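Q: The following block contains the structure, expressed as structure tokens.
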Amino acid sequence: MQILAVESSTKHLSVSLSKDGCQAGSALLKSGQGFMSNIINVIDTVLKKSRIQLESVDFFAANTGPGDFTGTRIGLSIVKTLALVLNKPVFAVTCPDVYAASILENNAARINAGLLKSGSALAVPVIDVKRNELFFSVYEAGFGQYSESVASSPVKGASLYIRKLTDNYLVECDGFISKLEEVLLAGSLIMSDPAKTAIYCGGTAFDYYGHLAADLKKSGYNFIINRKTIFPHADYINRCAAYRAGRKDTAGDKNIMPVYVREFVPFK
Amino acid sequence: MSQCYRKELNILGIETSCDDTCAAVVSDGRNVLSNVVASQHEIHEKYGGVVPELASRRHIEMIDIIIGEAMLRSGLALDDIAAVAVTNRPGLVGSLLVGAGAAKAIAYAKKIPLIAINHLKAHLFSNMLIKPDMGAGFIGLIVSGGHSSLYKVDHDWTISEIGHTVDDAAGEAFDKIARFLELGYPGGPVIDRLAKQGRAGAVLMPRPMLESGDFNFSFSGLKTAVIYKVRKEPAIKKPENIVDLAASFQEAIAEVLVEKTVRAAKRFGYNKILVSGGVAANSRVRELFAQRAEAENIELFIPPLYLCMDNAAMVACLGYHEYVAGNFAPPTMDVYSRSDI
């Protein structure tokens, strides 16, 4: 099973190819621009390095956002059309799910250790969606596999899974920490000893708002921010797609469109 | 006995430069096998004009559906397509990149050439779909919501811009006046409809830049003239009067377009005129061009309405000629909001 994933929802363009759940090739372009000029060459480079023909790709996948409008549309126009031409399914993976998979993968050993000590592990993707607003949701990592699980990661002979626990929330940056605390408490997502619940955060909000990580650490909860999870990467789109395909969800998604966090109002 | 079979050259065209998602398959640059247009008028209607962000959102929803539909209606498979031609300039960047991305994906996946198309040049080629032997050596007027330009197309297909609007495009003026008069969107068809019941000379309207000595246009002043007239005489907006205003406004635009185009033909010694773009669908513009062309013994080419509006058949048609000339685009092709022809 071969999956080609494209990530273009932030200033970094990446392409990832997996074969039977293992990474076969990957490329990252940190240009910040030129996605339209470079995207085909980046895809071609990954395929050639992996010695895999485009025609033998079984599934395509892309990050549908929320993210940069232009980049997301470039990625989706390419992926949707490749899937159309080759008559292959395509998976639409939302940006929070991509981050959840990234947080799980990049913190797997630590999450595993915490869980083995009767702790709990949450993941909170926090995405900068402009206009001084943040978009976040809460996921839980654990050994159990649920219908809401979006990805898995092997760790020391076992498998970790990550599932979505809450809705998505759109909040002003200044109100983010209080809203997150409200969501965590309302859902009883924090253990009686807050230190035993590790809250792993990632997302572009930590790139754009330099103070956010420090503010979280002052809150009294056990927040952990791994710099590897600031930007999404196609590898984690691939993880989510492979997880779905592995669960026999092989039809893919129809009418894939970007995720927008607000209705567009041309003039008020 | 051996027979030589020439395979048809089928080009898939894609056009997303503004607010219509279009795909078409054209064989040998002349036979339209399919021509699919997904209009966005209902989306932009309430704003009285194209909202670029909304246009882009709709394109990404529709692009694969429209390409699939164009292929289906053509009766061909993608393996029968020799190249994919796509508008990459000029236009709304957010719209262009959706079509360009799709075209690149097809070209890459099917290992066929990618052809970058100038939207304005494609309009000049649109009549080739109706009259393939039309040939070059004419004055071309492209008049739409985004463009009002005159071109000299020499016999060797060298194309030179000889005039353009210095402010609003003619179609833009129609849209803005329709919005001001609360008549709906797009403005061209609704003003055209009202004007049929009105008297073209009833309301005095200027003929902007008619005597400017060049081939440029200006429609912003005409729009301002309408606004001042309505403010001065509010009764002119009443249903019984607005038809006269619509007819007079339309006549002013039509006269300027026709007069300057005919003068250009005489100035450069061509007796052929091609008119294309959305405003070429206006019945009075067509009528006046026909009258003047006959009077001046000029051969007039105005494509049927479906080829005047934005469409991908004209893109595929020009794509054929670029293919024959070997003008292919690299996979790094980009999109551009502005471009000379």
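Sequence lines, in order, name chains A and B. Just so we're aligned: 276 in the numbering used here is position 172 of the first sequence, and the numbers increase by one with no gaps anywhere. Just so we're aligned: 325 in the numbering used here is position 272 of the second sequence, and the numbers increase by one with no gaps anywhere. Where is the CB? At the ideal position from N, CA and C, for every residue including glycine. Since the model is a prediction, treat every value here as computed from it, not as a measurement.
Could you check whether the Cβ of B/M54 sits closer than 8 Å to any Cβ belonging to chain A?
A: Walking along the second sequence from the start, residue 54 of chain B turns up at place 1. Unreliable placement is indicated for B/M54, whose pLDDT of 43 sits below 50; no coordinate value is reported for it.
Q: Just curious, the beta strand (DSSP E) that A/D232 is in, first and last residue?
A: Residue numbering aside, residue 232 of chain A sits at position 128 when the first sequence is read from its first letter. That run of the beta strand (DSSP E) goes 224 to 232.
Q: What is the residue span of the beta strand (DSSP E) that A/T198 lies within?
A: Taking the first residue of the first sequence as 1, we reach residue 198 of chain A at position 94. From DSSP, the beta strand (DSSP E) with A/T198 extends over 194 to 198.
Q: Please classify A/S135 as buried or exposed, where buried requires at least 16 neighbouring CB atoms within 10 angstroms.
A: By one-based count along the first sequence, residue 135 of chain A stands at place 31. Exposed, since its Cβ has fewer than 16 Cβ neighbours within 10 Å.
Q: Once the 5 residues before and after A/K332 are set aside, which same chain residues still bring their CB inside 6 Å of it?
A: Numbered from its first residue, the first sequence carries residue 332 of chain A at position 228. Excluding sequence neighbours, A/K332 sits near N210.
Q: Please say whether B/L129 and B/C71 have beta carbons closer to each other than 8 Å?
A: Taking the first residue of the second sequence as position 1, residue 71 of chain B is located at position 18. Taking the first residue of the second sequence as position 1, residue 129 of chain B is located at position 76. Not closer than 8 Å, so no.
Q: Verify whether the separation of the beta carbon atoms of B/I165 and B/V139 is less than 8 Å.
A: Counted from its first residue, the second sequence places residue 165 of chain B at position 112. Counted from its first residue, the second sequence places residue 139 of chain B at position 86. Not in contact: B/I165 and B/V139 (Cβ atoms no closer than 8 Å).
Q: CB-CB under 6 Å to B/A334, same chain, minus the five flanking residues each way: which ones, in chain order?
A: Counting from 1 along the second sequence, the entry for residue 334 of chain B is found at position 281. Within the same chain, B/A334 has close Cβ partners L358, C361.
Q: Since B/T218 is in the alpha helix (DSSP H), which residue starts that stretch and which ends it?
A: Numbered from 1 along the second sequence, position 165 holds the residue referred to as residue 218 of chain B. Here B/T218 belongs to no alpha helix (DSSP H), and DSSP marks it neither H nor E.
Q: The ligand ZN heavy atoms versus the CB of B/F270: any closer than 7 Å?
A: What this structure holds is no ligand at all, so the ligand ZN is not there to describe.
Q: Given 8 Å as the limit, is there contact between the stretch 178 to 185 of chain A and the stretch 295 to 315 of chain A, that is, 3 or more CB pairs closer than that?
A: Contact between the stretch 178 to 185 of chain A and the stretch 295 to 315 of chain A is absent, because fewer than three Cβ pairs lie under 8 Å.
Q: For B/C370 and B/A153, what's the separation of their Cα atoms in angstroms?
A: Here the question's residue 370 of chain B lines up with position 317 in the second sequence. Here the question's residue 153 of chain B lines up with position 100 in the second sequence. The straight-line gap from Cα to Cα measures roughly 17 Å.
Q: Mind checking who B/I355 pairs with in its DSSP beta bridge?
A: Your numbering for residue 355 of chain B matches position 302 in the second sequence. B/I355 pairs with nothing; no bridge assigned.
Q: Output needed for B/V388: all residues of its chain with C-beta closer than 8 Å, excluding positions within five of it in sequence on either side, in chain order.
A: On the second sequence, position 335 is the one that residue 388 of chain B refers to. So the list reads N141, R142, G144, V146, L149, L150, A153, once near-sequence residues are dropped.
Q: With a cut-off of 8 Å, does the C-beta of A/F368 fall near any C-beta of chain B?
A: Locating residue 368 of chain A in the first sequence gives position 264, counting from the first residue. Yes, A/F368 counts as interfacial toward chain B.
Q: What residue does the beta strand (DSSP E) around B/R142 start on, and which one ends it?
A: Here residue 142 of chain B corresponds to residue number 89 of the second sequence, with the count starting at 1. Start and end: 134 to 142.
Q: Compute the Euclidean distance between the alpha carbons of B/M54 and B/A175, then round it to the nearest angstrom.
A: Here the question's residue 54 of chain B lines up with position 1 in the second sequence. Here the question's residue 175 of chain B lines up with position 122 in the second sequence. For B/M54, the predicted structure reports a pLDDT of 43, less than 50, and the residue's modelled location is therefore unreliable. A value from the coordinates is still provided. Taking the straight line from one Cα to the other gives about 42 Å.
Q: Let's see if you can read the secondary structure: which residues bound the beta strand (DSSP E) around B/N171?
A: In the second sequence, residue 171 of chain B corresponds to position 118, counting from 1. Segment 167 to 171, the beta strand (DSSP E) holding B/N171.
Q: Given 8 Å as the limit, is there contact between the stretch 251 to 269 of chain B and the stretch 310 to 318 of chain B, that is, 3 or more CB pairs closer than that?
A: Flag = yes, the stretch 251 to 269 of chain B and the stretch 310 to 318 of chain B touch.
Q: According to DSSP, is A/A355 part of a helix, a strand, or is it coil?
A: Counting from 1 along the first sequence, the entry for residue 355 of chain A is found at position 251. Three-state DSSP puts A/A355 in coil, outside helix and strand.
Q: Return no unless some Cβ of chain B is closer than 8 Å to the Cβ of A/K134.
A: Taking the first sequence and counting its residues from 1, the one referred to as residue 134 of chain A is at position 30. So no, A/K134 is outside the interface.
Q: Using three-state DSSP, classify A/N191 as helix, strand or coil.
A: Here residue 191 of chain A refers to the residue found at position 87 of the first sequence. Looking at A/N191 - three-state DSSP - the assignment turns out to be coil, as it is neither helix nor strand.
Q: Output, in chain order, the set of chain B residues within a Cβ distance shorter than 9 Å of A/R331.
A: Within the first sequence, the letter at position 227 stands for residue 331 of chain A. What A/R331 touches in chain B: nothing, since even the nearest Cβ is about 31 Å away.
Q: Could you work out which residues of chain A lie near B/K157, taking near to mean beta carbons separated by less than 7 Å?
A: What you label residue 157 of chain B is simply residue 104 of the second sequence in a count that begins at 1. Those are I144, I182, listed as they occur along chain A.
Q: For A/L188, return the contacting residues in chain B, with the cut-off set at a CB-CB distance below 7 Å.
A: In the first sequence, counting from the first residue as 1, residue 188 of chain A sits at position 84. Simply D117, I120, G121.
Q: Run down chain A in chain order and give the residues with a C-beta less than 8 Å from the C-beta of B/L26.
A: Since the first residue shown for chain B is 54 and the last is 394, residue 26 of chain B is missing from the structure and cannot be characterised.
Q: Just checking: is the beta-carbon of B/D72 within a distance shorter than 8 Å of some beta-carbon in chain A?
A: Walking along the second sequence from the start, residue 72 of chain B turns up at place 19. Output row for B/D72: interface = no.
Q: Please report how far the alpha carbon of A/I341 lies from the alpha carbon of B/L275, in whole angstroms.
A: Residue numbering aside, residue 341 of chain A sits at position 237 when the first sequence is read from its first letter. Residue numbering aside, residue 275 of chain B sits at position 222 when the second sequence is read from its first letter. Cα to Cα, A/I341 sits roughly 54 Å from B/L275.
Q: Taking its Cβ as the centre, do 16 or more other Cβ atoms sit within 10 Å of B/P239, making it buried, or is it exposed?
A: Here residue 239 of chain B refers to the residue found at position 186 of the second sequence. Label assigned to B/P239: buried.
Q: Taking Cβ to Cβ, would you say B/A343 is nearer than 8 Å to B/A169?
A: In the second sequence, counting from the first residue as 1, residue 343 of chain B sits at position 290. In the second sequence, counting from the first residue as 1, residue 169 of chain B sits at position 116. No.
Q: List, in order along the chain, the chain A residues whose C-beta lies closer than 7 Å to that of B/V104?
A: As a working note, residue 104 of chain B is residue 51 in the second sequence. Under the 7 Å cutoff, chain A gives P370.
Q: If contacts are defined as beta-carbon pairs under 8 Å, then A/A338 and A/E111 qualify, I think. What distance do you get, rounded to the angstrom?
A: In the first sequence, counting from the first residue as 1, residue 338 of chain A sits at position 234. In the first sequence, counting from the first residue as 1, residue 111 of chain A sits at position 7. Confirmed, about 4 Å.
Q: Pick out whichever of A/C277, A/L288, A/F195 has its Cα sitting closest to the Cα of A/L226.
A: Here residue 226 of chain A refers to the residue found at position 122 of the first sequence. Checking every option, the nearest Cα to that of A/L226 belongs to A/L288.
Q: Starting from A/Y265, follow its DSSP beta bridges and name the residues at the other end.
A: What you label residue 265 of chain A is simply residue 161 of the first sequence in a count that begins at 1. Its beta-bridge partners are A/G246, A/S256.
Q: Could you tell me whether the Cβ atoms of A/F163 and A/I107 are closer together than 8 Å?
A: In the first sequence, the residue the question calls residue 163 of chain A occupies position 59. In the first sequence, the residue the question calls residue 107 of chain A occupies position 3. For A/F163 and A/I107, yes; Cβs fall inside 8 Å.
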